[in-house]
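Colleague:
There are 2 protein chains.
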Amino acid sequence: MQNQTRIIIENVLPQLDGGAFAIKRIVGQTVRVTAAVFSDGHDVIEACVKYKHESEKKWKEVRMTSTVNDEWFAEFKVEKQGNYSYFVEGWVDYALNWQHGTERKIHDNQYVKSELLEGAEYVKTILDEATQEEREYLKHLEFLFQNESEYENAISEATSNKLTTIFKKYPTRFLANQSQELKVYVDRKKALFSTWYEFFPRSASEEDGKHGTFKDCERLLPRVAQMGFDTLYFPPIHPIGEVNRKGKNNATHAEYGDVGSPWGIGSVHGGHKSTHPELGTIEDFKQLVKKAQDWGIEVAMDYALQAAPDHPYVKDFPQWFKWRPDGTVQYAENPPKKYQDIQPIYFESGDWKNLWKELLDVALFWIEECNIKVFRVDNPHTKPFYFWGWLIAKIKKKHPDVLFLAEAFTRPKIMNELAKQGFSQSYTYFTWRNSKAELTEYVTELTQSEQKEFYRPNFWPNTPDINPFALQSGNESTHLQKYFLAATLSSNIGIYGPVFEYMVCAPLAPGKEEYLNSEKYEVHKWDWNIQNKLTRLITKINGIRKEQASLQQTNNIIFCHTDNEQIMAYYKFDDDRQNKTLMVVSLDAHHTQQATVRLPIEEIGINPVHIVDLITGNSYLWDKEWNFVELSPDLPFHLFKIQQ
Amino acid sequence: MQNQTRIIIENVLPQLDGGAFAIKRIVGQTVRVTAAVFSDGHDVIEACVKYKHESEKKWKEVRMTSTVNDEWFAEFKVEKQGNYSYFVEGWVDYALNWQHGTERKIHDNQYVKSELLEGAEYVKTILDEATQEEREYLKHLEFLFQNESEYENAISEATSNKLTTIFKKYPTRFLANQSQELKVYVDRKKALFSTWYEFFPRSASEEDGKHGTFKDCERLLPRVAQMGFDTLYFPPIHPIGEVNRKGKNNATHAEYGDVGSPWGIGSVHGGHKSTHPELGTIEDFKQLVKKAQDWGIEVAMDYALQAAPDHPYVKDFPQWFKWRPDGTVQYAENPPKKYQDIQPIYFESGDWKNLWKELLDVALFWIEECNIKVFRVDNPHTKPFYFWGWLIAKIKKKHPDVLFLAEAFTRPKIMNELAKQGFSQSYTYFTWRNSKAELTEYVTELTQSEQKEFYRPNFWPNTPDINPFALQSGNESTHLQKYFLAATLSSNIGIYGPVFEYMVCAPLAPGKEEYLNSEKYEVHKWDWNIQNKLTRLITKINGIRKEQASLQQTNNIIFCHTDNEQIMAYYKFDDDRQNKTLMVVSLDAHHTQQATVRLPIEEIGINPVHIVDLITGNSYLWDKEWNFVELSPDLPFHLFKIQQ
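Quick mapping for you: the protein sequence lines, in order, are chains P and D.
Just so you know, my numbering puts the end of the first sequence at 644, numbered straight through with nothing missing.
Just so you know, my numbering puts the end of the second sequence at 644, numbered straight through with nothing missing.
(1) Cβ atoms of Ser490/P and Gln552/P: under 8 Å apart, would you say?
(2) Would you check if the distance between the CB atom of Asp302/P and the CB atom of Pro235/P is smaller than 8 Å?
(3) Pick helix, strand or coil for Trp196/P, following the three-state DSSP scheme.
(4) Just to confirm the assignment, what range does the beta strand (DSSP E) spanning Asp302/P have?
(5) For Ile642/D, does the count of other Cβ atoms within 10 angstroms reach 16, so buried, or fall short, so exposed?
(6) Given a limit of 8 Å on CB to CB distance, which residues of the stretch 336-360 of chain P reach chain C?
(7) Which chain P residues are close to Asp302/D, counting only those with a beta carbon under 9 Å from its beta carbon?
(8) What is the residue span of the beta strand (DSSP E) that Ala35/D lies within?
(9) Classify Lys57/D as buried or exposed, calling it buried when 16 or more other Cβ atoms lie within 10 Å of its own Cβ.
(10) Looking at the C-beta of His272/D, does it have a partner C-beta in chain P at a distance below 8 Å?
(11) Which term fits Val184/D, buried or exposed, when burial requires 16 or more other beta carbons within 10 angstroms of its beta carbon?
(12) Output the boundary residues of the beta strand (DSSP E) element that contains Glu10/D.
(13) Looking at the C-beta of Tyr386/D, does it have a partner C-beta in chain P at a distance below 8 Å?
(14) Who pairs with Asp128/D in a beta bridge, going by DSSP?
(15) Is DSSP giving Thr382/P helix, strand or coil here?
(16) So for Gln110/P, helix, strand or coil by DSSP?
(17) Beta strand (DSSP E) containing Tyr570/P: first to last residue?
(18) Which residues in chain D sit within 7 Å of Gly422/P, going by Cβ to Cβ distance?
(19) Taking the straight line between their C-alpha atoms, what separation do you get for Asn607/P and Ser550/P?
(20) So, does the stretch 84-102 of chain P touch the stretch 1-20 of chain P, judging by three or more C-beta pairs under 8 Å?
(21) Mind the definition here: the stretch 423-430 of chain P touches the stretch 400-408 of chain P only if three or more C-beta pairs lie below 8 Å; say whether that holds.
(22) Is it the case that the Cβ atoms of His381/P and Leu418/P are separated by a distance below 8 Å?
(23) Is the CB-CB distance between Leu16/P and Lys420/P below 8 Å?
(24) For a cutoff of 8 Å on Cβ pairs, would you count Thr646/D as touching chain P?
(25) Do the stretch 199-214 of chain P and the stretch 225-239 of chain P touch if we need at least three Cβ pairs shorter than 8 Å?
(26) Any contact of the stretch 289-308 of chain D with the stretch 356-375 of chain D, i.e. 3+ C-beta pairs under 8 Å?
(27) Are the stretch 28-42 of chain D and the stretch 60-73 of chain D in contact at 8 Å, needing three or more beta carbon pairs?
(28) Would Gly228/P and Gly543/P qualify as a contact pair, given that the criterion is a beta-carbon distance under 8 Å?
(29) Determine the burial state of Asn462/P: buried for a count of at least 16 other Cβ atoms within 10 Å of its Cβ, exposed for fewer.
(30) Taking the C-alpha atoms as reference points, what is the distance between His53/D and Cys370/D?
(31) Does the beta-carbon of Ser518/P have 16 or more other beta-carbons within 10 angstroms, so that it is buried, or is it exposed?
(32) Would you say Ser267/D and Tyr521/D are within 8 Å of each other, going by their C-beta atoms?
(33) List the residues of chain P that Gly90/D touches, going by C-beta distances under 8 Å, in chain order.
(34) Does the CB of Pro14/D have a neighbour CB from chain P at under 8 Å?
(35) Nearest to Lys248/P by CA position, among Asp258/P, Gly212/P, Lys24/P, Gly28/P, is which residue?
(36) Give the C-beta separation of His211/D and Val612/D to the nearest angstrom, bearing in mind that I take them to be a contact with Cβ-Cβ under 8 Å.
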């Protein structure tokens, strides 16, 4: 026979796929839990959320509040990294139900002697739990309720708030019901707020034609730090395969001296646990990581699970690759395209357990040897989802600080699944969203749909793989807009530089979104000392992001109406609603645009609003719902701080 | 370590609360299953729905079709009453993937000798399963693929549809993944299509002042049948309590001769397994049920779980009631209201197992003794939900024909939960939905939201408990509209008569939605022979419902635009899209209304439509998208059959 409970708990949110996956938070954030909780009949019911960190034994509890239509909510704060569990509990609260019914009868002038005797029973059951002071009060009530001569005092105390408070404090959860347990994974702050800079370390040299080294990279740390970046991401630093190496501009055959793609990993010099000899030794890399830390920068490594034909794995663990009937090894392909410089790892190998273990060891090597805590994962969508779920959980169990950025530019469900499996951050479609409608729709989806619970976007205007059409114009204003949009729409952002800030933008060919003479296949020499409007404004914007808490999160955003399709405006606020910013940006790189912008008065009220443009320092008093703005391509945005 | 499968299956629909509850169908209906199915990488994947009836051992299988964005669907038909299970299975189809890739390479003029050798391996693995004829073809292919001299023939056959068909027929489901199992409960047709008539058997006598009997009811069967009703529902027929009996118009004290409420069940004459002596014996009742069957009518009983103070249970099983500290038994109350003639059953009793068993026995008694197959359950929302889940499953296991109508007029989540727990049909808010906007919104919710999978509405314009304000006018046109709306919006409907068709409508008091001199508390004498416009049109409409399959289901409805807020129009079709009806109804009981109605051309095309009004026999040719109608209060509706 079934459970005798009378309580139904349904639709507990947030919840991913019936509890299969954890939602995500960072330390200090809040989880707002909602649920439908109801019972048969008309009795008073109560509900709470119980939650605890994995390191704790005892459940903490927060009482839920009912709103309308049998919906309840409660909030709790997550204070530690790692897994929390939470569930909803509901019960018919007989003591409160008794008080509620008795109160209504008293107001109806009914004689409630029998009810008072019932009340005495409820009072008795909690005597043991109560404090000394409460116990004295309860004993007094018991006396009143049982003595007819005290009837007037009794009915006054029976309905007292004091008694309500005590009943609420010591509920008798007879036949309570619980929802299933759900999970929230809590990361450190960087999971939600990070500013990435990517460059090719082999292009770090100051000398023409010379291969850059980790030492050269040390020289560039001040530049990266001063521009306000906190995460420095390098394409793979491992030995580059020499067999079937790609030439410049992705030529099938390398010429003498061609350096190959860093993603073609492995050679006689080693594999995923080695460094490319021309970059330096592991000791050099360790030192670079340490120096970067001194500058407040974390080095992010590329975790790219594939092998060049001469990767040591191919000889040592042939069972980890797929062999064809003709005795050759399977290279990567997406028919009819072939990628002969890369062999995919065969995850369906019978030896998969050893394979997984080795791949885990690779990550642990860099974490534990070199203090690496951030990985950008190359093409995770071409490896099994469950592998990622396993790997990330395994690493985070030991090293909760470690973060993973999923580099998957593919179909929406696949990108979502990777995030559910545990990736801390994910690349997005931002790179291809240009119009006001596109940007608004996409950011709304990311921040208002279920995705907000598990998908932490990282907005990149460009990457070594993507030279988007919008930037191929080389227009300075477009570059400024793109950076501003990324940096204020999303709290996680990154650029591939110095290509971005130096506006290098020639495409491989018309109609292609790849770079001409891409650093993927050759060494570039840059003058890293050049400053321009872009470097100065990037520095400014990054600085503002560090000061304004509302820009250090992504979900609290409200798009504001404007009467011009070329001008978009949005309002952001931090979780405590202490810091409030309002962004206004023109999408027109060629003409001055004017608009009136509607303040989100539902959120900020209709008092006059004092706003300061943190870019220019200019301040304004906006005392109307709709306010005039004008933006020129020279400086196509306002970043207002709202002061009230 | 985790499962090695590469397939993810998400969001399988229909699905209720993560599979906790069964969706509902009737015999012959279809279940359309949709799911997101995808894998990492770019391989060809396949998916199917597996399903079986609880009586079967072997799963049947239907292959899914992909649509867009990794969404797949398939349909299967349910042929038997009882429980079906279904789940989704997906796998990377290596053979198809090989064929797909090889085809693209061949089109790219690549030399695919190595691929053909791979193909030979795929061909070999299915030789054992294949038919003799297929095997010969496969052996031939194996030869071609392995002999370079046959290269041209080999590449032609490698991409043949014949091979595709064989690969599809014998998939190698290496590392397949399955969704969880979900359930569908299949009822007989009456669960979805029923026409109820309710009257008080004690009012069935022809003699003034005489208590009606089961024998009297037999006399009324032809009237009920001829009006087109197929379900005859009686308020409780059990002995009526004599202690604290209610008087006329719900007076607290009965006068001498007052008959009391039939819902105050139990007296010295017996309880829930007895009949009220003045109605007749169980044998009389059995005979009535049998005679009704001869008229094509099923008798529905009231299953009302409460006891009068003199119910035998109170003495025999005092533990099934709640006793107060002063030694009295708890009567029903909703403070400050008291219902001293009724004692609720105490479901939290320690003796709950015996209690549940006895309540099950009550239902089984009427099912097995008197061949009762339909129950209207009184106030199920004041008894535990899990009790209903248990009871209904228990009864349906033994008697799958038995249907339960939930009489719960309460909050939405509670009404939904009862339906999820297994009630076959449910009362609705239709009784209070009057305007076009209200009706459209409510029916859209019932038929387009998740409710369509488990909540079978039964539309009642009135009940003995509800004399809705809209009918208190006594206006004939309003009564016609309400019946027409109920009968064409919902396939399950009912009226409480003869109050409805004789338009008895005085309220207990102004502002009350109860009947004056309600039959709940007194015997009425009716002239059951009166025929009027309402009886004739109800008969007509009920007759049409029996002929038009589109009116025998509720979910296939499309509301049509009209340019008049007083005129609503809606189009219905059966599952096979063979039978199509179009309803146009005026909501104005006082004035003639005109409108143009938009045909749902997306559904029926823009050919001229030949429509016949099944009420009047008039036919029309509608050759435009928008068509003119005029409706007067005399006959405020069209019921068109669409012929094309």
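Built from N, CA and C at the ideal position, the CB exists for glycine as well.
Modeller: According to the structure shown:
(1) Going by C-beta atoms, Gln552/P is not nearer than 8 Å to Ser490/P.
(2) yes
(3) strand
(4) Note, Asp302/P: beta strand (DSSP E), 298-303.
(5) A buried status is given to Ile642/D, since no fewer than 16 other beta-carbon atoms sit within 10 Å of its beta-carbon.
(6) You won't find chain C in this structure, because its protein chains are P and D.
(7) Correct list: empty, because the minimum Cβ distance to chain P is about 19 Å.
(8) 30-39
(9) exposed
(10) no
(11) That one is buried.
(12) 7-13
(13) yes
(14) Answer by DSSP bridge pairing: none, since Asp128/D is not bridged.
(15) helix
(16) coil
(17) Its beta strand (DSSP E) spans residues 567-573.
(18) Ordered by position in chain D, no residue passes the 7 Å Cβ test against Gly422/P, which lies about 12 Å from the chain.
(19) Spanning the two alpha carbons is a distance of roughly 21 Å.
(20) Result yes; three or more Cβ-Cβ pairs closer than 8 Å.
(21) Counting Cβ pairs under 8 Å, three or more are found: they touch.
(22) yes
(23) Contact flag set, yes.
(24) What the structure shows of chain D is the stretch from 1 to 644, and residue 646/D is not part of that stretch, so it cannot be assessed.
(25) yes
(26) yes
(27) Short answer: they touch.
(28) yes
(29) buried
(30) 29 Å
(31) buried
(32) no
(33) Chain P residues near Gly90/D: none, gap ~13 Å exceeds 8 Å.
(34) no
(35) For the residues Asp258/P, Gly212/P, Lys24/P, Gly28/P, the minimum Cα distance to Lys248/P belongs to Asp258/P.
(36) 47 Å between Cβ atoms; not a contact.
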